[in-house]
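A short worksheet on the structure shown next.
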RNA sequence: CGGGGUGUAGCGCAGCCUGGUAGCGCACCUGCCUUGGGCGCAGGGGGUCCCCGGUUCAAAUCCGGGCACCCCGACCA
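In the working numbering, the protein residues as written are 1 to 423.
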């Protein structure tokens, strides 16, 4: 894509409202803009990153045998009254009435809706297990939204729900999802730690949180230095590991995913039953599994940035290569740039070419801020020797090579991770 | 929801105490100039001073009420 045609409103100055680095950098890099407290517009660059996260999540959910569906954001009060959560959920549940004075809420989660679906459609053990997921906008009227996409009121979440014939089968679904989560966060290029956790308002028997390790994280977790046990702080008292009595070390983290064994809490309340192989009525055993999409993107920035800006892990980068003609008035620079741009694009790469009529310093600084992992600099200076520069954003390392070589190099660096361009 | 703070141009702020022509930097537009790290010169556009009410000859400024947003504490992907 051509920079001059894109809406990427970068800012030189620090937005004062933003406290944490991911929030600041997302605003400065022109990825998001605030509409109201905890409610944001994703600009083109931000949306591309969101789509990258979504796509990885989608691929791994599908690989694990989950099926994608899409449920409504507006949900009728009746379903919530059935489980008793209309009364329990409190002010975080944003309630509204339609023109006929019927009560609804904006969905903060979808156990009621999915259980309603399944009880109507699944009547036999032969149709179990079912794992269904969606990537959808949630609304939780948080007491105090903050930190940009890290804790918004409106946010994108992948939520999955499993239905099984018994505890044992449910555990298998749970393990499948847990394994998928490991793959997802690995593929996103994040350092993370699964921890044992409480199950909170969602209810259920046990749960695991997936924490991205970052100093600025809102959550604390403890990890054993000898046996690998890890838990969130509420779950563990004491300084010694409950498993092996080793030493527990505290870390900060950002909760990006959560897997729950729900048991029969919802199937019982909503009478989601099926006939087992003896023809006897039985309750579905459920699990639910969330991933904060925007929060994952924000966590990636918390973990990958420097004083100049964002350093995207390649799989989440809005573009894979950032081509900078240093002086767009030089014919030679432009011819070489266009050649590289065309060739890389034809190879299926996502290339951003900065064709703006800006001074070099502006382009360099914007490039470092936006944080695309590979920059290709084309300027008179090196072109005199028939060379261009390949700069790695993370290390700042510059390699001077010929045009043919840079195409070959970037191809090798980028294509093993290349995904089809969804836009 | 409690405590603290802010609301003036797209962004960052000054002006408010002591009422009297609404300002500065960045960004934006035009022209010239410049092109390897956020150039330079000249000209220019842009404001319900958060909203409602009050005091006053006169309110961004003083008073009352409301709203929004930010920060600190208990819940959550």
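By construction, the Cβ of each residue, glycine as well, lies at the ideal position given by its N, Cα and C atoms.
Here the structure is a predicted model, which is why all the values come from computation and not from measurement.
By the C-beta criterion, the segment 139-156 is judged to be in contact with the segment 38-46, since at least 3 inter-stretch pairs fall below 8 angstroms.
Here the segment 288-297 makes contact with the segment 168-184; the two share three or more CB pairs at distances below 8 angstroms. For residue 9, there is no enclosing alpha helix (DSSP H), as DSSP marks it with neither H nor E. Taking every protein chain shown into account, the CB of residue 78 has fewer than 16 other CB atoms within 10 angstroms, so this residue is exposed. In this structure, residue 83 and residue 272 do not form a Cβ contact; the two beta carbons are roughly 11 angstroms apart against a cut-off of 8 angstroms. The three-state reading of DSSP puts residue 232 in strand, counting E and B together. Ranking 4, 263, 339 and 143 by CA distance to the CA of residue 402 puts 339 first.
The C-beta distance from residue 22 to residue 355 rounds to 29 angstroms, too long to fall under 8 angstroms, and the pair is not in contact.
The C-alpha of residue 370 lies about 5 angstroms from the C-alpha of residue 29.
According to the DSSP assignment, residue 194 belongs to the beta strand (DSSP E) that extends over 192-197. The criterion of a C-beta distance shorter than 8 angstroms is not satisfied by residue 410 and residue 336.
Annotated three-state conformation of residue 284 is coil, per DSSP. Taking C-beta separations shorter than 8 angstroms and ignoring five residues to either side along the sequence, the partners of residue 303 in its chain run 190, 191, 212, 213 and 214, following chain order. In the pairwise beta carbon analysis, the segment 132-143 is classified as touching the segment 66-73: at least three pairs are separated by under 8 angstroms.
Membership of residue 168 in the alpha helix (DSSP H) is indicated by the continuous run 167-187. The segment 109-128 makes contact with the segment 158-168: 3 or more CB pairs, one atom from each, lie closer than 8 angstroms.
Taking a 10 Å sphere around the C-beta of residue 306, we find fewer than 16 other C-beta atoms and assign the residue as exposed. Distance from the CA of residue 72 to the CA of residue 168, rounded to the nearest whole angstrom, comes to 31 angstroms.
Positions of the beta strand (DSSP E) runs, each at least 3 residues long and wholly inside the segment 1-65, are given as 32-36 and 39-42 in order along the chain. DSSP places residue 206 inside the beta strand (DSSP E), whose first and last residues are 206-213. Taken atom to atom, the span from the alpha-carbon of residue 259 to that of residue 52 is near 22 angstroms. Just so you know, the alpha carbons of residue 364 and residue 50 end up roughly 24 angstroms apart. The C-beta distance from residue 180 to residue 64 rounds to 4 angstroms, short enough to meet the 8 angstroms contact threshold. The Cβ-Cβ distance between residue 310 and residue 25 falls below 8 angstroms. Between residue 351 and residue 323, the C-beta spacing is below 8 angstroms. According to DSSP, residue 247 shares a beta bridge with 240. Bounds of the beta strand (DSSP E) holding residue 75 are 74-76.
With contact defined as three or more Cβ pairs closer than 8 angstroms, the segment 291-300 and the segment 250-268 are in contact.
In this structure, residue 157 and residue 293 form a Cβ contact; the two beta carbons are roughly 6 angstroms apart against a cut-off of 8 angstroms.
Contact annotation, residue 106 with residue 117: C-beta distance approximately 19 angstroms; criterion of less than 8 angstroms not satisfied. Non-local C-beta neighbours of residue 178 in its own chain, meaning closer than 6 angstroms and more than five positions away in sequence, comprise 259, ordered along the chain. The DSSP-derived three-state label of residue 373 is coil. For residue 325, the three-state secondary structure derived from DSSP is strand. Rounded to the nearest whole angstrom, the C-alpha separation of residue 367 and residue 283 is 55 angstroms. In this structure, the beta-carbon distance from residue 375 to residue 397 does not fall below 8 angstroms. Rounded to whole angstroms, the Cβ separation of residue 226 and residue 244 is 6 angstroms, and the two are in contact under 8 angstroms.
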